[in-house]
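*Asks:* Numbering (our numbering), first residue to last: 1 to 135.
Yeah, the Cβ is synthetic: ideal placement off N, Cα and C, and Gly gets one too.
Fair warning: this is a prediction, and the values are worked out from it, not measured in the lab.
1. Helix, strand or coil: which one does DSSP assign to residue 41?
2. Decide yes or no for the touch test of the region 47-54 against the region 87-97: beta carbon pairs closer than 8 Å, at least 3 of them.
3. Give me the Cα-Cα distance between residue 82 and residue 39, rounded to the nearest whole angstrom.
4. Please classify residue 120: does DSSP put it in a helix, a strand, or coil?
5. Once you ignore the five residues that flank residue 80 on each side, which residues in its own chain have a CB closer than 7 Å to its CB?
6. By the 10 Å Cβ neighbour count, where 16 or more other Cβ atoms means buried, how is residue 74 classified, buried or exposed?
7. Hey, how far is the Cα of residue 64 from the Cα of residue 55?
8. Residue 76: which of 34, 125, 127, 117 sits nearest, CA to CA?
9. What residue from 130, 124, 89 has the CA that sits closest to residue 27's CA?
10. From residue 14 to residue 123, what does the alpha carbon distance come to, in whole angstroms?
11. Taking DSSP as the reference, what is the three-state secondary structure of residue 65?
12. Measure the alpha-carbon distance for residue 85 versus residue 36 and round it to whole angstroms.
13. With the cut-off set at 8 Å, would you say residue 119 and residue 16 are in Cβ contact?
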């Protein structure tokens, strides 16, 4: 009877499980970004309707105009970014899985770097938008 080496099987399974955990972390991140985009978009719609209601209750019957609402486009943009992150995460997962099977893992930080840059740009744009709305 041939015995399988349990230690060797466990050692080979560890990189695959780590790759799956990393993929799931990317998926959680993309879902969080898409959820935030949904909240931003719906909150902007709520604020627009609320402003119209207050205007009507104040005796003015005209539609609220002149107020720029960026929340809808911002929300849609965040949802799109989340979808792109999901796609990139899947491609990275498949490439890493292939490298692990071929035992030639080549570390790449390009995707991580790009995600960091995108989040920093979003944070800067939000900060500028919030600063301008306070002034």
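*Replies:* Concretely, from the data shown:
1. helix
2. no
3. 13 Å
4. helix
5. none
6. buried
7. Bear in mind that the predicted position of residue 64 carries a pLDDT of just 48, short of 50, making it unreliable; the figure below should be weighed with that in mind. Distance between the alpha carbons of residue 64 and residue 55 is about 7 Å.
8. 34
9. 89
10. 35 Å
11. Note that residue 65 scores 49 on pLDDT, short of 50, meaning its location in the model is unreliable and no value can be drawn from it.
12. 14 Å
13. no
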